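Colleague: So the sequences go chain by chain: F and D.
Residue numbers for the first sequence follow my numbering, so the first one is 2 and each next one is one higher.
Residue numbers for the second sequence follow my numbering, so the first one is 15 and each next one is one higher.
Where is the CB? At the ideal position from N, CA and C, for every residue including glycine.
Predicted model, so just to flag it, every value in this text is computed and none were measured.
Here you go, one structure.
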Amino acid sequence: DTGVSQNPRHKITKRGQNVTFRCDPISEHNRLYWYRQTLGQGPEFLTYFQNEAQLEKSRLLSDRFSAERPKGSFSTLEIQRTEQGDSAMYLCASSSGQGVDYGYTFGSGTRLTVV
Amino acid sequence: GDSVTQMEGPVTLSEEAFLTINCTYTATGYPSLFWYVQYPGEGLQLLLKATKADDKGSNKGFEATYRKETTSFHLEKGSVQVSDSAVYFCALRTNAGKSTFGDGTTLTVKP
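This is the structure we're talking about:
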């Protein structure tokens, strides 16, 4: 068990550029989550997958954001036409089980800075 | 909607002091409750959980009891150490999807 892996750790991009982040969850975890965290705030839900199906997407997520989880393994989060307000830590987490009793295993996050 | 309110920090304690970090919640369903910890330079880690009323979660000397009547899940430790310095997040989960997190409480323990 190597934990949840996120790449890259840091990304600096110019406003208007597209960026893509990758998350590799714990292999036996069928649920994968994306959260965003800004300084002084708790993680904010973006979207989640059960296997390859995207089951829920936050209303806060604009259409510039898209996530995929092909074949139910790794996941990518893409942000198109980045804005300065997108600067944040993007967290990926995975979880086993079907119910609400299971906690998350988080990755170390990808810190995005839009300049 | 669901929400979690944590006591504002930062909290600064001397080593071996007693710790309480307050957490209250509102939820539309019957949630499971969690505490996560983020040590400096690391990702969030699950610290403990409780899944029904009056359950007590415990780990690494930390405890929290699920109080449905007061909608609370306060984190306690009898004797903190310098290594406990971290940011602590309270969270709830009412369905198999998203969790809702508080804004975190920063704890600094001085020797």
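Taking the continuous beta strand (DSSP E) assigned at Q59(D), which residues delimit it?
Modeller: 58-64
Colleague: In whole angstroms, what separates the C-alpha of R82(F) from that of G118(D)?
Modeller: 30 angstroms
Colleague: For the stretch 18-32 of chain D and the stretch 89-105 of chain D, state whether three or more C-beta atom pairs, one from each stretch, are separated by less than 8 angstroms.
Modeller: yes
Colleague: Touching or not, the stretch 14-28 of chain F and the stretch 38-47 of chain F, by the rule of three or more beta carbon pairs under 8 angstroms?
Modeller: no
Colleague: Determine whether the beta carbon atoms of V123(D) and E56(D) lie at a separation below 7 angstroms.
Modeller: no
Colleague: Check S28(D) in the structure and name its three-state DSSP category.
Modeller: strand
Colleague: Please confirm if K112(D) has its CB atom under 7 angstroms from at least one CB of chain F.
Modeller: yes
Colleague: Should L78(F) and S59(F) be called a contact, given that it needs their Cβ atoms to be closer than 7 angstroms?
Modeller: no
Colleague: Using only CA atoms, which one of Q51(F), Y91(F), L61(F), P9(F) lies nearest to K72(F)?
Modeller: Q51(F)
Colleague: So what does Q51(F) bridge to, in DSSP terms?
Modeller: R32(F), A54(F)
Colleague: What in chain F is Cβ-close to K82(D), meaning under 9 angstroms?
Modeller: Ordered by position in chain F, no residue passes the 9 angstroms Cβ test against K82(D), which lies about 15 angstroms from the chain.
Colleague: Looking only at C-alpha atoms, which of G17(F), Y36(F), V5(F) sits nearest to R65(F)?
Modeller: G17(F)
Colleague: Grab the span of the beta strand (DSSP E) containing E90(D) for me, first residue to last.
Modeller: 89-91
Colleague: In the DSSP assignment, the beta strand (DSSP E) including V51(D) goes from what residue to what residue?
Modeller: Boundaries of the beta strand (DSSP E) harbouring V51(D): 46-52, taken from the DSSP string.
Colleague: Between the stretch 100-111 of chain F and chain D, which residues of the former have a C-beta closer than 9 angstroms to a C-beta of the latter?
Modeller: G100, V101, D102, Y103, G104, Y105, T106, F107, G108, S109, G110
Colleague: Ends of the beta strand (DSSP E) at G86(F)?
Modeller: Note, G86(F): premise wrong, no beta strand (DSSP E); not H, not E.
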